[in-house]
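In the numbering used here, the protein residues as written are 353 to 696. Beta carbons are placed, not taken as given, at the ideal position from N, Cα and C, and that holds for glycine. None of these values were measured; they are calculated from a predicted model. These notes concern the structure reproduced below.
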Ligand code: UFG
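Below, the structure written as structure tokens:
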């Protein structure tokens, strides 16, 4: 079955890879993106990779109800929405919590209101593993305690709760996907992660060090209660995450309303910062100079998914190795040394 879907934030890192998967499956896509942290070029490349020039792009903000109303009116009946648009920098959310409540929570509320007006009630929402806070017992299952410890995670948890209420009380079909740490890029090297300024995240920092854009990686602490002292995260290939979205959507569309799903999307295999560095060095033959510095405020020792529920319900599990995460992320960095900026 092919569908007509609205994708908010479709030009971003996870959004663009998901659009590629959906387009290749034959779905019709309408994208709303304000390009505040993304580039229209990503969508051009998605279309050329999929060999389908059919994406309809609407430049605008999800908090703009008029724009969304107009989009729903003009593009015919929509079968569902994937809502990626939002802000995601933990430090920025601590410095400017109101901005995060506005963009992430108010933006989701406006979107849901417009969907309701237009009779569309199937939604996949981008949530995050940071809603679990600083867990001490593993494996992390979807019913494990949530304890969001910064405004970014608090806004994501608040939207999950708002959507739970919609599925319970208004008969929506909702899935909140709790992403662990998506990394890598499409193997073509044509689309990938393009952080503005100094990368916050480990992987893009490593690829920029490998490319000589930065001198060395700072490892934020080696005194955590982990085997080598560095933080452990559950890194997954962004193409696996993209496929999780299409599997989730198919699951929702096959079922009668109401549906409420919360799913961990990870590999179940946590890796320390040092393991990632060594994995990258092995995959690429390059060396990554690093230095141990103080812990980063707000970081936790370990996050690792139990991905069993996604496998059981969707038949989805992460397929790609750490080596592929590294080689594909490195191919993107080499082909696009400055990301989408200055690209032809
Ligand atoms: N790290 C370094 N040096 C760096 C960057 C990161 O040592 O320059 C370490 C961190 O301390 C942590 C690990 O690498 O131990 C991963 O850090 P990231 O910043 O790549 O990822 P986080 O787990 O902190 O956060 C990411 C996203 C969040 C999301 C979360 C979900 O940035 O948006 O994963 O787990 F919520």
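- A check of alpha carbon separations from residue 591 across 579, 681, 519 identifies 681 as the nearest.
- If you compare the alpha carbons of 569, 693, 610 with that of residue 639, the shortest gap goes to 569.
- If one requires a minimum length of 4 residues, the alpha helix (DSSP H) runs lying completely within the region 526 to 588 are 554 to 562, in chain order.
- Residue 550 counts as exposed, since fewer than 16 other beta carbons sit within 10 angstroms of its beta carbon.
- Following the DSSP letters along the chain, one finds residue 597 inside the alpha helix (DSSP H) bounded by residues 590 to 606.
- Out of 407, 403, 401, 555, the CA that lies nearest to the CA of residue 359 is found in 407.
- By the neighbour-count definition (other C-beta atoms within 10 Å, threshold 16), residue 645 is an exposed residue.
- Residue burial is scored here from C-beta neighbours: residue 556 has at least 16 other C-beta atoms within 10 angstroms and is therefore classed as buried.
- Nearest to residue 409 by C-alpha distance, out of 415, 420, 508, is 420.
- Non-local C-beta neighbours of residue 436 in its own chain, meaning closer than 8 Å and more than five positions away in sequence, comprise 359, 360, 361, 362, 364, 366, 367, 370, 478, ordered along the chain.
- Between residue 627 and residue 586, the alpha-carbon positions lie close to 12 Å from each other.
- The alpha helix (DSSP H) runs of length 4 or more contained entirely in the region 438 to 477 are, from start to end of the chain, 442 to 447, 449 to 452, 459 to 469.
- Going by C-alpha positions, residue 611 is about 16 Å away from residue 464.
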